[in-house]
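Below is one structure, written out as structure tokens; the observations come after it.
Chains as they are written, first to last, in the working numbering: chain Z, 1 to 318; chain E, 1 to 531.
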């Protein structure tokens, strides 16, 4: 087990290195220049060249990359070009804002998907199954940004029940998940984030349970006189490795892929930060954010793999 | 006993919570707060060198800082001009037309108590002009360098008087000083000349003082009770600035009561905002949405092609599409600017456009246009450019639009037309004064790598008039020369004129007292916030 874990951890290093190279190259290929946002609307090309030199952006790209990589290896993600603040602090603050809503969204989606997935599988072809399937397909199909805007129109603008934007009335610094005055700002972002994974996980749970319920050992359990509820519990235990793998993937997607939802709600997480970094071509911030997200994605998958091997002895043996 | 204690503790907790919430409500009701949703993607630099275009100057510049001159933002009826700021007066030295004498305002202090005087002024110029000074900073140069480019040196005459020596005679130099902010020399020195550290407690002399910032989320300023101009002491206690680049988010935030003042609502949200009782304000201001043309190569090196493009524009269609948030433009300036003149017009005349293209032998007249998908001052670039393309192609052009994001288009503009193969770019500009609206746009000497004659437009008549205007210190005579320059530029069809933005803003009904100036900059100090 430990050898397996160590091997997986070592394998993450080339993956992350590859991520840094791709990320650096993509940022450079895109047109635009980070220092343009720091220039006056009437600045000359000479002003731009002077500022570019001051930030080391006039160096050849490989040198820029290795300078950046050297700093990263000692834990320094650099300084944001846009606001002169350390990237590490910026990213970690945003990351903590994203992780919490992503965790809540995925946990919510997981619990509900297990519930609805099991009901749909047990009532296959009946009205409950059709309704749940319809909601799941809606969740999979609906673009999250459209859902986010619709939620704002309904719950913030028309009903005035929830705030439309931001993370707390005084910014994220005073945010608390244990006070409704703060938490209400998170309700719509969590809902918009939770629906797509809810749809995906419900559909997967339904088909996995339905498949298990048709297997021979289930017939044996029934023949032994177990109640239907106990049979379903056996079925659920059998799909857990698959469900946890799905959970890990969805969490990874939400942490890294919530750009649109966070932008619509002005939620100051990593997605929002990435959007700002792209718009201002803030290369250190962009690289730092992507690196942290990629690391998180890799670590989540590593954790899921280890969990799966703990839950399912067949994986450990293999 | 234990049960009583728990109940007692609960009662105490409830009472304490009620008391604290009451205190909070009381505090909130005692303090009037103006919350502004900006279009900026992030909080602009508030160190005295704002980034993110003129929106940065509007909210993180003129709120915290003053220049030697200020824009007069007190009227909606005329284009804003400059008035005394941290200098009470200025005049050219009668014996030297390259030496401006500035009398500094006395008794003014920065927010941190640091005195404003000649030493502070000279320190402020060195922060951008003198690479050997400890306060010199490339970031500050990037934003502010353009405004001091014509300064050779600055001398102290006495504690309240300085002399600014320019490299060449420049009668329009005082305009540049309305864009150059003075920051606390004591504050920067105390921060060890580290501007990132200084930004923890920045200090200017402006009507608002820095209070706190949540990076990327909000900048909070408070009223400067001791502002030197009592007429401009803010009528609200706190100003909260929130970056909200999405127009739909800004509108939703206003409708949900989370903000009070919204910049640039999109035209399609305006009816809904009006229906909810929001006030929509707009005035003409120097912001033309146009195409800059590359005039050193075909097809736009031929005046007939440039004129044809202008005659092809059905500007009213554009105004209608924008639901009235713009007015038709047949030149760069707006009528209230003193150099507007009486130039030729380019009313919609597709037959004339077709005839001009035929004369020029340009058929189909293929052009490649760089456009942005969004951006500060770019209005609704995608549908607007589609309409321009449609109108151009109706008379014989074949326009290829090449979209890119705003940052990339700024790069195209700064690099100049010769670095790319665009025949035109849709790059809205801010002709706020004669320097930016006339001289830098049309004089050959401002062609790349200088700013801002992107398309290398050149007309010897304009260059001659410009040289005379810069050396003319009599205001009336200078304005006559500048007017003649502008009229000639329009006669040359120096760019494709389309519309002037009316700069809509949406205000909560709780607000009163706002006077929207005909300017990129606005004075937020008169705004009163009702409970």
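Every residue, glycine too, gets a C-beta built ideally from N, C-alpha and C.
So, helix, strand or coil for residue i, using DSSP?
{"i": "residue 313 of chain Z", "result": "helix"}
{"i": "residue 400 of chain E", "result": "strand"}
{"i": "residue 308 of chain Z", "result": "helix"}
{"i": "residue 521 of chain E", "result": "coil"}
{"i": "residue 242 of chain E", "result": "strand"}
{"i": "residue 370 of chain E", "result": "strand"}
{"i": "residue 212 of chain Z", "result": "helix"}
{"i": "residue 500 of chain E", "result": "strand"}
{"i": "residue 93 of chain E", "result": "strand"}
{"i": "residue 33 of chain Z", "result": "coil"}
{"i": "residue 20 of chain Z", "result": "helix"}
{"i": "residue 101 of chain E", "result": "strand"}
{"i": "residue 222 of chain Z", "result": "helix"}
{"i": "residue 208 of chain E", "result": "strand"}
{"i": "residue 218 of chain E", "result": "strand"}
{"i": "residue 74 of chain Z", "result": "coil"}
{"i": "residue 8 of chain E", "result": "Reliability fails at residue 8 of chain E, whose pLDDT of 44 lies under 50, so the model's placement of it is uncertain and the value that follows must be treated cautiously. Three-state DSSP puts residue 8 of chain E in a helix."}
{"i": "residue 14 of chain E", "result": "Because the pLDDT at residue 14 of chain E is just 38, under 50, the model does not fix this residue reliably, and the point stays unresolved."}
{"i": "residue 82 of chain E", "result": "strand"}
{"i": "residue 426 of chain E", "result": "strand"}
As a quick exercise: from the options, pick the residue whose alpha carbon is nearest that of residue i.
{"i": "residue 129 of chain E", "options": "E/422, E/381, E/147 and E/494", "result": "E/147"}
{"i": "residue 555 of chain E", "options": "E/192, E/189, E/184 and E/197", "result": "Nothing can be reported for residue 555 of chain E: it is not among the residues displayed for chain E, which extend from 1 to 531."}
{"i": "residue 33 of chain E", "options": "E/468, E/512, E/44 and E/286", "result": "E/512"}
{"i": "residue 295 of chain Z", "options": "Z/98, Z/2, Z/3 and Z/20", "result": "Z/20"}
{"i": "residue 107 of chain E", "options": "E/226, E/370 and E/335", "result": "E/226"}
{"i": "residue 199 of chain E", "options": "E/206, E/205, E/188 and E/207", "result": "E/188"}
{"i": "residue 522 of chain E", "options": "E/504, E/478, E/434 and E/380", "result": "E/504"}
{"i": "residue 262 of chain Z", "options": "Z/114, Z/166, Z/300 and Z/160", "result": "Z/166"}
{"i": "residue 26 of chain Z", "options": "Z/304, Z/290 and Z/313", "result": "Z/290"}
{"i": "residue 516 of chain E", "options": "E/282, E/155 and E/114", "result": "E/282"}
{"i": "residue 113 of chain Z", "options": "Z/172, Z/187 and Z/247", "result": "Z/247"}
{"i": "residue 69 of chain E", "options": "E/177, E/134 and E/295", "result": "E/177"}
{"i": "residue 384 of chain E", "options": "E/332, E/212 and E/290", "result": "E/290"}
Please list, in chain order, the chain Z residues whose beta carbon lies closer than 7 Å to that of residue i.
{"i": "residue 246 of chain E", "result": "263 and 264"}
{"i": "residue 41 of chain E", "result": "276, 279 and 280"}
Interface residues of chain E around residue i at Cβ under 9 Å?
{"i": "residue 188 of chain Z", "result": "Ordered by position in chain E, no residue passes the 9 Å Cβ test against residue 188 of chain Z, which lies about 11 Å from the chain."}
{"i": "residue 90 of chain Z", "result": "215 and 216"}
{"i": "residue 332 of chain Z", "result": "Residue 332 of chain Z lies beyond the range of chain Z shown here (1 to 318); nothing can be said about it."}
Which chain E residues are close to residue i, counting only those with a beta carbon under 7 Å from its beta carbon?
{"i": "residue 149 of chain Z", "result": "248"}
{"i": "residue 32 of chain Z", "result": "405, 407, 408 and 411"}
{"i": "residue 36 of chain Z", "result": "407, 410, 411 and 414"}
{"i": "residue 157 of chain Z", "result": "252, 255 and 256"}
{"i": "residue 268 of chain Z", "result": "216 and 217"}
{"i": "residue 152 of chain Z", "result": "252"}
{"i": "residue 160 of chain Z", "result": "256"}
In chain E, which residues lie with their C-beta within 8 Å of the C-beta of residue i?
{"i": "residue 173 of chain Z", "result": "214"}
{"i": "residue 176 of chain Z", "result": "Going along chain E, no residue has its Cβ under 8 Å from residue 176 of chain Z, so there is no contact; the nearest lies around 14 Å."}
{"i": "residue 164 of chain Z", "result": "249, 252, 253, 255, 256 and 258"}
Is residue i near the ligand HEM, with its Cβ less than 6 Å from a heavy atom?
{"i": "residue 451 of chain E", "result": "Of the ligands one can find in the structure shown there are none, so the ligand HEM has no counterpart to examine."}
Taking Cβ-Cβ distances shorter than 8 Å, what residues in chain Z pair up with residue i?
{"i": "residue 469 of chain E", "result": "Near residue 469 of chain E there are no residues of chain Z at all, since even the closest Cβ is about 18 Å away, more than 8 Å."}
Closer than 8 Å, Cβ to any Cβ of chain Z: which residues of the region 404-426 of chain E, in chain order?
-> Of all residues in the region 404-426 of chain E, only 404, 405, 406, 407, 408, 410, 411, 414, 415 and 416 place a beta-carbon less than 8 Å from a beta-carbon of chain Z.
Can you give me, in chain order, the residues of the region 250-270 of chain E that have a beta carbon less than 8 Å from any beta carbon in chain Z?
-> Residues passing the 8 Å Cβ filter: 252, 253, 255, 256, 257 and 258.
Near-chain Z residues of the region 431-450 of chain E - C-beta to any C-beta below 8 Å | When CB distances to chain Z are screened at a threshold of 8 Å, the residues of the region 431-450 of chain E falling below it are 436, 440, 448, 449 and 450, in chain order.
Interface residues of the region 50-82 of chain E facing chain Z [CB-CB below 7 Å] | Hits within the stretch, in order: 51, 52, 53 and 54.
Report the residues of the region 474-508 of chain E with a CB closer than 8 Å to any CB of chain Z, ordered along the chain.
-> Cβ contacts with chain Z come from no residue of the region 474-508 of chain E.
Closer than 7 Å, Cβ to Cβ, to anything on chain Z: give me those residues from the region 216-243 of chain E, in chain order.
-> Here the close residues are 216, 217 and 218.
Mind checking the region 140-157 of chain E against chain Z and listing, in chain order, the residues whose C-beta falls within less than 9 Å of any C-beta there?
-> Across the region 140-157 of chain E, CB contacts with chain Z closer than 9 Å involve 141, 142, 143, 144, 145, 146, 147 and 149, in sequence order along the chain.
The region 38-57 of chain Z: positions lying closer than 7 Å to chain E by Cβ = Within the region 38-57 of chain Z, the qualifying residues are 38, 39, 40, 41, 42, 43, 44, 45, 46, 47, 48, 50, 51 and 54.
Which runs of the alpha helix (DSSP H), 4 residues or longer, sit entirely within the region 118-185 of chain Z?
-> Within the region 118-185 of chain Z, the complete alpha helix (DSSP H) runs of at least 4 residues are 127-141 and 144-151.
Check distances from the C-beta atoms of the region 126-138 of chain E to those of chain Z and list, in chain order, the residues that come in under 7 Å.
-> Flagged, chain order: 138.
In chain order, which continuous runs of the alpha helix (DSSP H) of length 4 or greater are located wholly inside the region 116-164 of chain E?
-> Those alpha helix (DSSP H) runs which fall completely within the region 116-164 of chain E and span 4+ residues are 118-129 and 138-144.
Ignoring anything shorter than 4 residues or poking outside the region 20-79 of chain E, list the alpha helix (DSSP H) runs there in chain order.
-> Complete alpha helix (DSSP H) runs here, min 4: 53-60.
Given a limit of 7 Å on CB to CB distance, which residues of the region 65-86 of chain Z reach chain E?
-> For the region 65-86 of chain Z, which is checked against every Cβ of chain E, the residues closer than 7 Å are 82, 83, 84 and 85.
Enumerated in chain order, which unbroken segments of the alpha helix (DSSP H) with a length of 4 residues or greater are wholly contained in the region 267-343 of chain E?
-> If we require 4 residues or more, the alpha helix (DSSP H) runs fully inside the region 267-343 of chain E come out as 270-275, 303-311 and 315-321.
Using Cβ-Cβ distances below 8 Å, what residues of the region 196-213 of chain E are close to chain Z?
-> Going along the region 196-213 of chain E in chain order, one finds 196 and 199 with a Cβ nearer than 8 Å to chain Z.
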